[in-house]
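Protein chains in written order, with the numbering used here: chain U, 16 to 374; chain L, 16 to 374; chain F, 16 to 374; chain S, 16 to 374.
Protein chains: 4
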Amino acid sequence: MMRAYCRYHWIPTLAAINFRSDNESPAAPEMIEALVRANESYEFAYGDDGYSAALTKKFSDLFETDLVVFPLATGTAANSIALAQMCPPYGSIYCHAHSHINTDECGAPEFYSAGGKLVAMQGEHGKLDAADLSNLLSKTGELGDHEVLPSAVSISQATESGTVYTPAEVASLKTAALTRELPLHMDGARFANAVQTLGCSPSEITWKSGVDVLSFGATKNGGVMAEAIIVFNQDYAIQLGRRRKRAGHLLSKMRFVSAQLARYIEDGLWLDLAKKANDAAQRVSDGIKNLDGLTLEHPVQANEVFVRIPDAIADGLYKAGFEFHRWPGTTDLYRLVMSHCTTTDEVDAFLQKAGDLCE
Amino acid sequence: MMRAYCRYHWIPTLAAINFRSDNESPAAPEMIEALVRANESYEFAYGDDGYSAALTKKFSDLFETDLVVFPLATGTAANSIALAQMCPPYGSIYCHAHSHINTDECGAPEFYSAGGKLVAMQGEHGKLDAADLSNLLSKTGELGDHEVLPSAVSISQATESGTVYTPAEVASLKTAALTRELPLHMDGARFANAVQTLGCSPSEITWKSGVDVLSFGATKNGGVMAEAIIVFNQDYAIQLGRRRKRAGHLLSKMRFVSAQLARYIEDGLWLDLAKKANDAAQRVSDGIKNLDGLTLEHPVQANEVFVRIPDAIADGLYKAGFEFHRWPGTTDLYRLVMSHCTTTDEVDAFLQKAGDLCE
Amino acid sequence: MMRAYCRYHWIPTLAAINFRSDNESPAAPEMIEALVRANESYEFAYGDDGYSAALTKKFSDLFETDLVVFPLATGTAANSIALAQMCPPYGSIYCHAHSHINTDECGAPEFYSAGGKLVAMQGEHGKLDAADLSNLLSKTGELGDHEVLPSAVSISQATESGTVYTPAEVASLKTAALTRELPLHMDGARFANAVQTLGCSPSEITWKSGVDVLSFGATKNGGVMAEAIIVFNQDYAIQLGRRRKRAGHLLSKMRFVSAQLARYIEDGLWLDLAKKANDAAQRVSDGIKNLDGLTLEHPVQANEVFVRIPDAIADGLYKAGFEFHRWPGTTDLYRLVMSHCTTTDEVDAFLQKAGDLCE
Amino acid sequence: MMRAYCRYHWIPTLAAINFRSDNESPAAPEMIEALVRANESYEFAYGDDGYSAALTKKFSDLFETDLVVFPLATGTAANSIALAQMCPPYGSIYCHAHSHINTDECGAPEFYSAGGKLVAMQGEHGKLDAADLSNLLSKTGELGDHEVLPSAVSISQATESGTVYTPAEVASLKTAALTRELPLHMDGARFANAVQTLGCSPSEITWKSGVDVLSFGATKNGGVMAEAIIVFNQDYAIQLGRRRKRAGHLLSKMRFVSAQLARYIEDGLWLDLAKKANDAAQRVSDGIKNLDGLTLEHPVQANEVFVRIPDAIADGLYKAGFEFHRWPGTTDLYRLVMSHCTTTDEVDAFLQKAGDLCE
């Protein structure tokens, strides 16, 4: 099983095939090269370097609008700082019960907002429903100062269930949000995967559909560590720099993140990388549909596959060296994540083995 | 003026010679290589990778004691998370008025501790004095619940004035701190420079002198972004991981930081890099002592030189392409920072020019 | 309709009969007298007065154990400070979805805990179920540092639905809580009403059943403003005084609260007052059971009656001068609250009118 | 020594004469009566009562401007909530080193502002100097996002040294504050004492001199517990109600505070009470000036006297039953506080004894 992936890296030392997380795969060689190249000069520190300065123009071009970019190293920081700009300490953030901000960030949004409250909503396949949101918001306000102030709506694109909102769906959510004048935040840890699936422009699925601030992730899709807060609505950029600094997220050698981000969106690299991951996931999905024992839990619309697998088959796959997560709080739901490194051979080997075990 | 520094990097494009900040210089090639090598495999995410796992042993060996290492990307985060482990929301932290935590972190310690208070002390050449601390602490407590609870002492090693505490001085401060049972934190953003100057073991200047937690910095001394919280006193390691996560400082691809840290302390690289910077600073210091117009503000004990420069001379140096900071809040005090990249030629060119201007 | 309640107060100026909230009724004359008497001397400020000092003994006697009392002015403060002692910033508090801390305190527990997270659970008639809690807790921990740390369980006694936990039920919840070593907090804003219904000792329903800290309320049951945090488990008393002070809840003239609290638990006043309110609620409940149009939503076990009332009947009652709340977020659920001031005549007038309207 | 002060209260049980704190004296009978009278009716809870509603008009009349009043129970809460409206989490508040917010509130302003930083300034006799403020502010900004954002100036009126700002002095401070567009907060725990001394209108010393928000205290000057935030600049009233609620400072039976406040400013009661205290302090001050052994530390401009007393004399006074505070952190500085209860006999007895001891 050869994974002749990259120039610098990835010598297959394990029989294992890793579908555990896109965070576990190597970075793309282009991203490594960009980082290395950024070391070729003295540069101003703390984001005053040339790489960081150039991002505004590059991202404004990509998103076809004037925007502000704040690079940083993690998605949790991007989400939490963005949301703290929207949600006062006495406010609340509407989000999906399974959203990363609600379940996987150890209370980071509460920390950054100084005590804001997440209102966790249900919603099919990891997606918020505009009617539900509208309905829930309509019931707020009766308690006056006794209740927290609805302050923001946050959605993930792609979602934690591997699904994708269409521009129309995002716009509907924004319409619902506007009944209480709430801004819309998008957690785009897997934004590239979503855009690649949608085939739309980045602008269409963000500010044109009502997104005010985007957490733009590159780490999962080939970066070393490279994320950014993209602020479309300048109201939410005010003093964001100070929030970033006081959180310890203003990197002294910011150039190394900014250089990655610049490369990531150059020549469509970000979508090329996402396509590899998405195609692999689609191939897994298609294959699973033909298997009797395995059941897809959600439509596969990005690079994640959620699938119900009977114990015996899961065991068999593990033993054969396939690595993937059982979903927390469940007994038979598993997540397989494809990355830009995933090969067709790897997918086919998995499907072959799963097929054997299903017989 | 050639700076033929490194393999991958640094093609001299400017006439300028940069003494502005060690954060502005390129990373050391060894550190870049370590980062690149860490890309050669799939690795568990969020610090469960092999590089991160190995750090405990490596750092325990270096510091000759059992300790816990929490890698992260910035020194501000290291300081603030460490201090939040020591200082409850109703507590206070004793530090120098010019300390980084007090003046340069936009309130990060207050943020992380949920409202702790910094007690800013004066002290010659950026250093806290044990008798002053003792005296100040002896006056606390009279107001009972009305006053904040003295909770920690934080010192910088090397200090923000480029000076260094001896083990005896650190021990005295700890003795003073213990009159109120306070733990001692050390901000080691330039820890390597201090240890190189002292010529002592890392253990001697830390836990053996009473340091409970160390912010261990590698970024300024050749890293890409690589810092760590080193916890000697296990009481302060409890749930530190959750504090790091909720702050967005648990890097998904932690391996890239951990691999740097591992390389940094391998074969004495960290001290070799620091020696280059320190030697350059010493050479600048020695040269300035021979000049009539310039006056050293503090003894030069690490890689920073603080010097009073008359306006005309400062202008002349700027025009000649030398870059350095005027110190905030002053009119004629300047800081020159040397890094592992600084060459003897650069230093001599500066001294030559300064000498010319002084005549 | 005469309400010749008290010496100092209550001259009936309205035709209205107020079942809106026990917070709207006058204080009991005994409580007013106690407050006035506390004005007869100079007293040390900030809780060092004689009234406050005496509370430890008085409450320890009442609860048959050594405990610590922290008087203050509001129940929200009592709840939030108590919970902040239990829940670190990265922690979570398990509570009922309809609990006061979750819905009515504008995020106070999140504020005081510096970003803790409330985990809102469902449960019949406003009560948490031990099996549900056990089950939910058993699912935590899989995500390590990525998830908040389960840190406390909080229940209300009486609940926000007017029901009461038995000692056995509380003990079961504590057993469930202990599977994760969690402390148990009880919001006793209507603690007197619960104890009066149960007919048990205060100790039996609190620390003997596993309660670590109690928010002890007197305001709703006849106080002017008089609440206290009662700490049974001394671990949670540590530095609580500083938390109270930094929140602005250390009253300079604390005597006026402490004097009320002392009087409240003297000679069984607290239970006598509660009995009046409970008996009235029971009488309403009994009467409603005989009416065809009205449906009780929850068993009436304290001083609150939750009842479904058709629009026409609700309108008729309003027009006849009866005042009560429609429950937020509902269209036909109403809450009637009885207080120590409620008279049998008032209840009977209501039942009479409701009966007329139902015909 | 008779202190036949009030109808309800104060039966002299001690030989002691208490100059320790105005918080230790009984409340004025008018205030007690107002509180008792507020118990004569059912009233809406949580500040929707008639007493609270009437405050806007009453205070707007008193201050000759439209304003918003938020009653609450403590001055620490008033200060901290007011400042949190001005100071974002990454901001700073300029205040005197000896100000109550800096030394006596256990970090409450830091808590409420979610980590704001107090910049403690020196200044003669407890007063900030406009030139100092101007100078200090002019030095901010050089560090960009690395430093906290200057966000508010807070002064105490009367100060913690018993001195009083003139309208001109307040206006100068506001002019200095405006160089950075900072709002001005006034801690008026002893506002009545200051106004009585100045003989000016309340408007003149507040909004007409540039005060945006005032912490209006009544507790020290005869209240039971009665404070209010008075917002002159409506920008700082936005969502203040929610901040108050989430802090547990929205009293359920708010009427009892509001009724006091209403009475306090009726018929000049507040100034009458303050005059008694101020006159007594002036009498003490005048007397001390004639004594050789005692030295006034600050001009006496309100109801507090700060005086250096040699050990032997202080002991003699204590033994004779006079009660007063040694100032924390000093060995021979003492504070004597007069209240509306202080009698001329008490003052004269003190002066007599002090005179005897000085001989």
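For every residue, glycine included, the Cβ atom is placed at its ideal position computed from N, Cα and C. If you're wondering where the values come from, they're calculated on a predicted model, not measured in any experiment.
Note to self: Just to make sure I have the definition right: I need the residues of chain L whose C-beta is within less than 7 Å of the C-beta of S36 (chain U). Which are they?
What the structure shows: A60
Check: Since K260 (chain S) meets chain U, which of its residues come closer than 7 Å, beta carbon to beta carbon?
Finding: D160, H161
Note to self: Let me make sure I understand the geometry here. Which of U:A296, U:K235, U:T310 has the alpha-carbon closest to that of T358 (chain U)?
What the structure shows: U:A296
Notebook entry, point to check: Is it right to say H105 (chain S) is buried, meaning 16 or more other beta carbons lie within 10 angstroms of its own, or is it exposed?
Noted result: The residue you asked about is not His; residue 105 (chain S) is Tyr in the sequence shown. Y105 (chain S) comes out buried.
Next item on the list: Leaving out five residues on either side along the sequence, give the residues of the same chain with a beta carbon under 6 Å from the beta carbon of E79 (chain S).
Entry: S218
Check: Since S169 (chain F) sits in a beta bridge, which residues does DSSP pair it with?
Finding: F:H200
Note to self: Here's the rule I'm using: 16 or more other beta-carbon atoms within 10 Å means buried, otherwise exposed. How should G377 (chain S) be labelled?
What the structure shows: The structure shown does not extend to residue 377 (chain S), since chain S spans only 16 to 374, so no value can be given for it.
Next item on the list: Would you check if the distance between the CB atom of V299 (chain F) and the CB atom of L366 (chain F) is smaller than 8 Å?
Entry: yes
Note to self: I need the straight-line Cα distance from T89 (chain S) to G122 (chain U), nearest angstrom please.
What the structure shows: 31 Å
Item checked: Three-way DSSP call (helix, strand, coil) for E48 (chain S) in this model -> helix
Margin query: Which residues of the stretch 347-365 of chain L have a Cβ closer than 9 Å to any Cβ of chain S? Give them in chain order.
Written below: none
Next item on the list: Specify whether the stretch 197-212 of chain L and the stretch 224-233 of chain L touch according to this definition: at least 3 beta carbon pairs, one from each stretch, less than 8 Å apart.
Entry: yes
Notebook entry, point to check: Of all the beta strand (DSSP E) runs that stay within the bounds of the stretch 259-314 of chain L, which reach a length of 3 or more residues?
Noted result: none
Item checked: Proximity test, Cβ basis, 8 Å: E48 (chain F) and chain U -> no
Check: If the cut is a Cβ gap below 8 Å, which residues of chain U does A129 (chain S) touch?
Finding: P104, A129, G130
Next item on the list: Would you list, in chain order, the members of the stretch 72-91 of chain L that have their beta-carbon closer than 9 Å to a beta-carbon of chain U?
Entry: L87, A88, T89, G90, T91
Item checked: With 16 other Cβ atoms within 10 Å as the buried cut-off, status of I108 (chain S) -> buried
Notebook entry, point to check: Between D81 (chain S) and K73 (chain S), what straight-line distance do the alpha-carbon atoms span, to the nearest angstrom?
Noted result: 10 Å
Next item on the list: With a threshold of 7 Å, establish whether the CB of W285 (chain S) neighbours any heavy atom of the ligand COA.
Entry: Looking for the ligand COA in the displayed structure turns up nothing, as the structure carries no ligands at all.
Check: Span of the beta strand (DSSP E) holding G131 (chain L)?
Finding: No beta strand (DSSP E) holds G131 (chain L); DSSP gives it neither H nor E.
Next item on the list: Would you identify the three-state DSSP class for P182 (chain S), choosing helix, strand or coil?
Entry: helix
Checklist line | Extent of the continuous beta strand (DSSP E) run through C110 (chain L) | finding: 106-111
Checklist line | Residues, ordered as in the chain, of the stretch 221-244 of chain S that lie near chain F by beta-carbon distance below 9 Å | finding: T234, K235, G238, V239, M240
Check: Residues of chain S with a CB under 7 Å from the CB of L265 (chain U): which are they?
Finding: D160
Notebook entry, point to check: Do you know offhand how far R195 (chain L)'s Cα is from V246 (chain L)'s?
Noted result: 20 Å
Notebook entry, point to check: So does the stretch 174-192 of chain F actually touch the stretch 303-321 of chain F, counting three or more Cβ pairs closer than 8 Å?
Noted result: yes
Check: Is K368 (chain U) near A329 (chain U), with beta carbons less than 8 Å apart?
Finding: no
Next item on the list: Could you tell me whether any Cβ in chain L is nearer than 8 Å to the Cβ of Y251 (chain U)?
Entry: no
Next item on the list: With DSSP as the reference, label R205 (chain S) as helix, strand or coil.
Entry: coil
Check: Taking all protein chains shown into account, do 16 or more other C-beta atoms lie within 10 angstroms of the C-beta of Q275 (chain U), making it buried, or fewer, making it exposed?
Finding: buried
Next item on the list: On a CA-only basis, which of U:S75, U:C215, U:M269, U:D371 is nearest N305 (chain U)? Give me that one, please.
Entry: U:D371
Next item on the list: Compute the beta-carbon to beta-carbon distance between G141 (chain U) and E157 (chain F), rounded to the nearest angstrom, for a pair I have assumed lies under 8 Å.
Entry: The pair is not a contact, with the Cβ atoms about 18 Å apart (cut-off 8 Å).
Check: Taking buried to mean at least 16 other C-beta atoms within 10 Å of its own C-beta, is A327 (chain U) buried or exposed?
Finding: exposed
Check: Cβ of C110 (chain F) less than 8 Å from any chain S Cβ?
Finding: no
Next item on the list: Look at the alpha carbon of V352 (chain L) and the alpha carbon of D294 (chain L), and state the distance between them as a whole number of angstroms.
Entry: 12 Å
Checklist line | Bounding residues of the alpha helix (DSSP H) (the contiguous stretch that carries G238 (chain S)) | finding: Segment: none, G238 (chain S) is in no alpha helix (DSSP H) and carries neither H nor E.
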